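Chemist: Take a look at this one; I'll ask things after.
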Amino acid sequence: MALAIPANWMPKVRMDRIILHWTAGGHKANSVDRKHYHVIFNDDGTPVRGNRSIADNVPPLKSYAAHTRGSNSYSIGLSVACMAGAKEGGTYGPAPMTRAQFEATCRAAALLCQRYGIPVTPKTVLWHAEVQGTLGIPQAGKWDATVLPFEPKVRGAKAVGDYTRDVIRAFMAGEK
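Plus 531 on top of the position in the sequence shown (first one is 1) and you've got our numbering.
Here it is in structure tokens:
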């Protein structure tokens, strides 16, 4: 598999989970995005490195990428720069998630799963919207992602999560 993110962005540490997000901003990663996520994907799928190393999310947590309430330890935060002004159940806003972003994120997740030995399951590779229901950790109404603008028939946290995990597995198997 071609490197979706540079090898030097993947330190040799223990990681147990990948949590996927959208920034709720525009199509380009900004300084706020870089504070919260390890890698952010611009509209064309280009990866942008966050301010914090993946290694910073190994306990004891001091300065780290705070991407998911109560779930940052041993967790990698990947995000798609998109969905500014989006409304749940309504509009996708002026910066909807692109297929290029989604596929780049899935390719990176596949690479990270291989690098860190993370199995692709609903408890180990999930969207922020799945955290509360799957892991039982309250998340204050996060809905990233319960929709994929380029696949409008895929709706709901579980459906989007299952679809995403299938794409990640396909990248891992060399099918994409």
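Glycine included, C-beta positions come from ideal geometry on N, C-alpha and C. Keep in mind the model is a prediction, meaning the values are calculated, not measured.
Is the Cβ-Cβ distance between Gly556 and Asp547 less than 9 Å?
Modeler: It is not a contact, given that the beta carbons lie outside the stated cut-off.
Chemist: Can you look up Ile607 in the DSSP assignment and give me helix, strand or coil?
Modeler: Three-state result, Ile607: strand.
Chemist: So, with DSSP's three-state summary, where would you put Phe681?
Modeler: If DSSP states are grouped into helix, strand and coil, Phe681 belongs with coil.
Chemist: Would you mind giving the Cβ-Cβ distance between His659 and Ile550, rounded to the nearest angstrom? I have them listed as a contact below 8 Å.
Modeler: Between Ile550 and His659 the Cβ distance is about 6 Å, and since that is below 8 Å, they are a contact.
Chemist: For Gly692, which three-state DSSP category applies?
Modeler: The answer is helix: DSSP assigns Gly692 an H, G or I state.
Chemist: Using the beta-carbon count (16 or more within 10 Å), is Ser594 buried or exposed?
Modeler: Classification for Ser594: exposed.
Chemist: Using alpha carbons as the reference points, say which of Arg646, Ser604 and Leu657 lies closest to Met703.
Modeler: Nearest C-alpha to Met703: Arg646.
Chemist: According to DSSP, is Trp674 helix, strand or coil?
Modeler: The answer is coil: DSSP assigns Trp674 none of H, G, I, E or B.
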